[in-house]
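Data block below; observations after.
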Amino acid sequence: MAKFKLDETDHQILDMLIENTRTPFTDIAKKLLISAGTVHVRVKKMEEAGIIIGSSLTLDYKKLGYAFIAYVGVFLKNTSQTKFVLERINEIPFVTVAHVTTGKFNVFCKIRARNTQHAKEIIFQLDDIEGVYRTETMISLEESINDKKRLMHSIFKNM
């Protein structure tokens, strides 16, 4: 598949959508002095090229009662069990991110919980997965930076 080339208008459209994915195409069109149809067509082309993959919703987990964050490193008995263990981890809804890693851990997870008791229950669920040798947990005191927008803006500035 040929590489999709973004022009300045595409960059500007993406820039506005990065800031707020719910920005109406008519608002984008007015700011860029183009038609809403043009915005729609360009966004559709970027979706078809795989540059835009859906959109996301950002939640305030504190307001929802899930302010407790912990990171859990998972040690496996055998690396051949990775796929099986990941399938079991995926069944635990409070594990929001899981990475297969090199180094100390085989899998590194981020969990969100209501409190320490709830986090303990989630960690015990991870420990109980067949193939898990042990886990190591780090409690997040504060999520200081969680801003994908800065990265996206930087990527598009350098294209």
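Everything in the sequence shown is counted per full-length UniProt numbering, starting at 1 for the first residue and increasing by one.
Even glycine gets a Cβ: it sits at the ideal position worked out from N, Cα and C.
Could you tell me which of the options sits nearest to residue i, measuring between CA atoms?
| i | options | result |
| --- | --- | --- |
| L14 | H99, E87, I52 and G65 | I52 |
| A80 | L33, K148, V100 and N90 | Per the sequence shown, residue 80 should be read as Ser rather than Ala. The option with the nearest alpha carbon to S80 is V100. |
| G54 | D60, A36 and K44 | K44 |
| E121 | L86, T137 and F108 | T137 |
| V59 | R112, K5 and A36 | The sequence shown places Leu at residue 59, not Val. If we check each option's Cα against that of L59, R112 comes out closest. |
Would residue i pass as a contact of residue j if the rule is Cβ separation under 8 Å?
| i | j | result |
| --- | --- | --- |
| V95 | T135 | no |
| M46 | D10 | yes |
| S56 | T21 | yes |
| T23 | A29 | no |
| I129 | V85 | yes |
Should residue i go down as buried or exposed, given a rule of 16 or more other Cβ atoms within 10 Å for buried?
| i | result |
| --- | --- |
| V132 | buried |
| L126 | buried |
| N106 | buried |
| R42 | buried |
Considering only DSSP beta bridges, list what residue i is partnered with.
| i | result |
| --- | --- |
| H99 | F108 |
| E130 | Its beta-bridge partners do not exist; DSSP assigns none. |
| F75 | R134 |
| F25 | Looking at the DSSP assignment, F25 forms no beta bridge with any residue, so it has no partner. |
query: Are there three or more Cβ pairs, one per stretch, closer than 8 Å when the segment 108-121 is compared with the segment 62-69?
result: yes
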